[in-house]
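The block underneath contains the structure these notes are about, expressed in structure tokens.
Numbering (the working numbering), first residue to last: 16 to 136.
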């Protein structure tokens, strides 16, 4: 789903919301999903504000040096295959995984609440 919300002076907020394939999905399903998301992001004018919100069914890990400007200092664990697809897309479109910018409370880390919930620019 894509929503375009007017802000001020011909500026819009574009919100893209979807549900990504799960980790065990076939590779062609994941490729189709990320190709469609890539095409959708490309249709958003560069001067718009963009929020991509989803359960990406991935874990971005903590290699913020490798993913500089995309991944914050508070990622957890190791990056999985779904998250790699997401991080490559983020790099292409200069997007940031916002949940890795904030430190989780200790009880959230134990529960494994480390997946990606949203990406914004």
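Cβ coordinates follow ideal geometry from the N, Cα and C atoms, glycine included.
Extent of the continuous beta strand (DSSP E) run through residue i
i	result
residue 18	17-21
residue 67	64-70
Residue i: first and last residue of the uninterrupted alpha helix (DSSP H) it sits in
i	result
residue 56	42-57
residue 30	Here residue 30 belongs to no alpha helix (DSSP H); instead the beta strand (DSSP E) covers 27-34.
Test item: CB-CB of residue i and residue j under 8 angstroms
i	j	result
residue 74	residue 98	yes
residue 44	residue 30	no
residue 28	residue 63	yes
Cβ-based burial, residue i [other Cβ within 10 Å; buried from 16]
i	result
residue 35	buried
residue 85	buried
residue 114	buried
residue 37	exposed
residue 112	buried
residue 56	buried
Length of the line joining the Cα atoms of residue i and residue j
i	j	result
residue 144	residue 95	Absent from the structure is residue 144, since the part of the chain shown begins at 16 and ends at 136.
residue 51	residue 68	15 angstroms
residue 26	residue 81	32 angstroms
residue 49	residue 71	10 angstroms
residue 79	residue 107	16 angstroms
residue 93	residue 76	4 angstroms
residue 40	residue 21	36 angstroms
residue 104	residue 90	17 angstroms
Residue i Cβ short of 7 angstroms to the ligand GTP heavy atom set
i	result
residue 38	Ligands in the displayed structure: none, and consequently the ligand GTP is not present.
Where residue i sits in the DSSP three-state scheme
i	result
residue 130	Residue confidence for residue 130 is low, a pLDDT of 49 falling below 50, so the modelled location carries little weight and cannot support an answer.
residue 119	coil
residue 38	coil
residue 110	coil
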